[in-house]
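Below is one structure; the comments refer to it alone.
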Amino acid sequence: MKKLILFVIGTLLTIVTACVPISLANNPLVGTWDLSLNGNRLFKVAFSADGNVYVSQAGSGGGIIQGTYGFSDKEIKARFDQEVEIVMLKTSSTAEIPDPSQVSTLKDQRNKAIQSEARAFISNYLKAQQVYYNENNKFAENFQQLALGLRAETDYFTFASQVSQSDPTKAVAIVTATPKDSQLKAASGIVSLGTTTDGGVTRATLYTQSCINQQAGTPPVIPIRKNDIGEVMCGEGSEPFK
1149 MKKLILFVIG
1159 TLLTIVTACV
1169 PISLANNPLV
1179 GTWDLSLNGN
1189 RLFKVAFSAD
1199 GNVYVSQAGS
1209 GGGIIQGTYG
1219 FSDKEIKARF
1229 DQEVEIVMLK
1239 TSSTAEIPDP
1249 SQVSTLKDQR
1259 NKAIQSEARA
1269 FISNYLKAQQ
1279 VYYNENNKFA
1289 ENFQQLALGL
1299 RAETDYFTFA
1309 SQVSQSDPTK
1319 AVAIVTATPK
1329 DSQLKAASGI
1339 VSLGTTTDGG
1349 VTRATLYTQS
1359 CINQQAGTPP
1369 VIPIRKNDIG
1379 EVMCGEGSEP
1389 FK
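Count along the sequence shown from 1, then add 1148; that gives the number in the numbering used here.
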């Protein structure tokens, strides 16, 4: 529960930052506050006039966490035991408005977090295929052969594997991630057998590339081999993961 206190108290203190008094005598925080998200009551927070704060989770039947708080015209501070301390320090009387390109919505942040699932899956697939090839001199034909417990479907993505190795010198394994939500971007990855030459000696090499579509709501763009030595690149309409 203490981990949640950071969010609870931080939110409430942010609300009153603009009207912080010099002492507890004229304190706009004193009273009991309900913190709700989309109409669901999450926490009850009580600020006392003597500088104590009490936090309880709504409907949990659990205990109440006690802490202390204090503030001046420049600083707001809340402390819970010796483990958690929240400090809000006023650094300027002028609001620093960020560039619009740096601002995102909660939905953008949610989608970014979900998108990382596809990135992690593709990365694990490509690494596993490299290990499998080095041990078996061929790519695994499906997720099961990789023995990583990779699921072909999650709540947000459907994953698929395509392997082409009829010509052993140009073998490739491709993985795609197709989102179930049109606001998410499809992704893909490729591992390709190729060659490198060093000091006149040519050796077999595995090239990899992970890609993400540039536009949401479009099918996965398949990465391609870009030359005879096996180097790979993202297909048109996609770009490397950043």
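Idealized CB from N, CA, C, for every residue including glycine.
Cutting at 6 Å between CB atoms, please list the residues of its own chain near residue i, excluding the five before and the five after it.
i	result
GLY1365	SER1330
TYR1202	ALA1194, ILE1212 and GLN1214
ARG1267	PHE1389
THR1180	ALA1194
VAL1235	LYS1225
THR1350	THR1343
GLU1231	none
By how many angstroms is the C-alpha of residue j removed from the C-alpha of residue i?
i	j	result
PRO1316	LEU1354	13 Å
ASN1186	ILE1372	45 Å
GLN1263	THR1356	20 Å
THR1344	ALA1300	33 Å
SER1386	ASN1272	20 Å
GLU1233	SER1220	16 Å
VAL1311	VAL1320	6 Å
LEU1190	ILE1213	14 Å
CYS1382	GLY1218	55 Å
ASN1259	TYR1304	10 Å
GLY1199	LYS1390	47 Å
ARG1227	ILE1245	29 Å
GLU1384	THR1242	45 Å
ASP1376	THR1239	58 Å
ASN1361	GLY1348	38 Å
TYR1281	ALA1288	8 Å
ASN1328	ASP1256	Reading off the sequence, residue 1328 comes out as Lys, not Asn. Looking at the two C-alpha atoms, the distance is approximately 16 Å.
THR1306	VAL1380	23 Å
ASN1175	LEU1183	19 Å
ASN1285	VAL1279	10 Å
LEU1254	ASP1346	50 Å
ILE1370	ASN1188	43 Å
SER1204	GLN1250	35 Å
ASP1318	VAL1339	Sequence check: residue 1318 is Lys here, not Asp. Going from the Cα of LYS1318 to the Cα of VAL1339 covers about 11 Å.
LYS1192	ALA1261	29 Å
PRO1248	GLU1265	27 Å
Excluding five sequence neighbours on each side, which residues of the same chain lie with their C-beta closer than 7 Å to the C-beta of residue i?
i	result
ALA1276	LEU1294 and LEU1296
Could you give the residue range of the beta strand (DSSP E) that holds residue i?
i	result
ILE1377	Element bounds for ILE1377: n/a, residue is neither H nor E.
GLN1363	GLN1363 -> no beta strand (DSSP E), and no H or E assigned at all.
ASN1200	1200-1205
VAL1320	1320-1327
VAL1178	Per DSSP, VAL1178 belongs to no beta strand (DSSP E) and is neither H nor E.
ALA1308	1305-1312
TYR1192	The displayed chain sequence assigns Lys, not Tyr, to residue 1192. 1188-1195 is the extent of the beta strand (DSSP E) around LYS1192.
LEU1332	Segment: none, LEU1332 is in no beta strand (DSSP E) and carries neither H nor E.
LYS1225	1223-1228
PRO1388	1386-1388
ILE1245	That residue, ILE1245, is in no beta strand (DSSP E); it is neither H nor E in DSSP.
Along the alpha helix (DSSP H) that carries residue i, what are the first and last residues, could you check?
i	result
ASN1285	Per DSSP, ASN1285 belongs to no alpha helix (DSSP H) and is neither H nor E.
PHE1291	1291-1294
Our contact map puts residue i next to residue j with C-beta atoms below 8 Å; I'd like the distance itself, whole angstroms only.
i	j	result
THR1324	PRO1368	4 Å
ILE1270	SER1358	5 Å
LEU1298	GLY1337	Wrong, their Cβ atoms sit about 12 Å apart, outside the cutoff.
ALA1334	LEU1341	Actually they do not touch by this definition, with Cβ atoms about 25 Å apart.
ASN1290	SER1309	6 Å
Using a Cβ-based criterion (distance less than 6 Å to any ligand heavy atom), does residue i qualify as near the ligand SAH?
i	result
ALA1295	The ligand SAH is not part of this structure, which contains no ligands at all.
Can you list, in chain order, the residues of its chain whose CB lies under 8 Å from that of residue i, leaving out five sequence neighbours each side?
i	result
LYS1222	LEU1237 and LYS1238
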